[in-house]
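A.B. asks: Have a look at the structure that comes next, please.
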Amino acid sequence: MDTNDLYEKLLAINVIHFGNYVLKGGLATPVYIDLRKVISYPRTLAAVAEEIWKRIQGTGLKFDCICGVPYAALPIATCLCINHNLPMVIQRKEVKTHGTKKLVEGEIKTGSTCLIVEDVVTSGASIIDTAKVCDTF
1 MDTNDLYEKL LAINVIHFGN YVLKGGLATP VYIDLRKVIS YPRTLAAVAE
51 EIWKRIQGTG LKFDCICGVP YAALPIATCL CINHNLPMVI QRKEVKTHGT
101 KKLVEGEIKT GSTCLIVEDV VTSGASIIDT AKVCDTF
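Heads up: the sequence shown at position 40 corresponds to 40 in UniProt numbering, and the numbers run straight through without jumps.
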C-alpha cells in the first residue's frame, strides 16, 4: 500500500478526524488522529507500521530493540518487531503489584539502543517518560 492509499484508507476507517478537538495536554487542534482504530484492520495496521519503518530507515538510526509507548503504539511496535526480526520490550504504565513486579517486560541488554515508537506525538511527554524508564537498563 503506497502512502496515498494508506492516507485514503485511514480516512475511510475514520482514523483521521477534522473539527475542533482538545488534546490531552490541553492544546486545541483542527485534526485528531486516532490510530487505535487500525488494530481492527490488520492490513492497515501493517501498512502503518511499514510506513513508519520506511521513515525510520531514511534517518540512518541504529538500534537494537523497539519499545512501543503504552498503549496505542504497542500493536505498531509489535508489527515492526515481527516484520524485521527485532527484539521488543514493553514498558508498563505502572509497576505490577504481583508476580515479577516489573515495569518493563522483555529484555534490554546493558548498552543497547532502544527505538521508542509512538502512535501520535503532541508534546512528547509520553516518549520522554518511556525513554527515562528504558534508560535505567
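Note that the Cβ used here is the ideal one computed from N, Cα and C, for glycine as well.
Just so you know, these numbers come straight off a predicted model, no measurement behind them.
1. Compute the distance between the beta-carbons of Ile-13 and Ile-33, then report whether it is under 9 Å.
2. May I ask you to verify whether the region 56–74 touches the region 117–135, counting CB pairs closer than 8 Å and requiring at least 3?
3. Which word fits Ser-126, buried or exposed, when buried means at least 16 other C-beta atoms lie within 10 angstroms of its C-beta?
4. Determine the direct distance from the alpha carbon of Lys-102 to that of Met-88, and round the result to whole angstroms.
5. Among Thr-29, Val-48, Leu-11, Val-38, which one has its Cα closest to the Cα of Met-1?
6. May I ask which residues mark the beginning and end of the alpha helix (DSSP H) holding Ala-125?
7. In the DSSP output, which residue or residues are listed as bridge partners for Glu-105?
C.D. replies: The structure says:
1. Locating residue 13 in the sequence shown gives position 13, where the first residue counts as 1. Locating residue 33 in the sequence shown gives position 33, where the first residue counts as 1. Going by C-beta atoms, Ile-13 is not nearer than 9 Å to Ile-33.
2. yes
3. The count along the sequence shown starts at 1 and reaches residue 126 at position 126. With 16 or more Cβ atoms within 10 Å of its Cβ, Ser-126 is classed as buried.
4. Counting from 1 along the sequence shown, the entry for residue 88 is found at position 88. Counting from 1 along the sequence shown, the entry for residue 102 is found at position 102. Using only the alpha carbons, I get a separation of about 15 Å.
5. Numbered from its first residue, the sequence shown carries residue 1 at position 1. Checked all of Thr-29, Val-48, Leu-11, Val-38; the closest Cα to Met-1 is Val-48.
6. As a first step, residue 125 must be located in the sequence shown, where it is residue number 125. Residues 125–134.
7. Reading the sequence shown from its first residue, position 105 is the one you call residue 105. Ile-90, per the DSSP bridge assignment.
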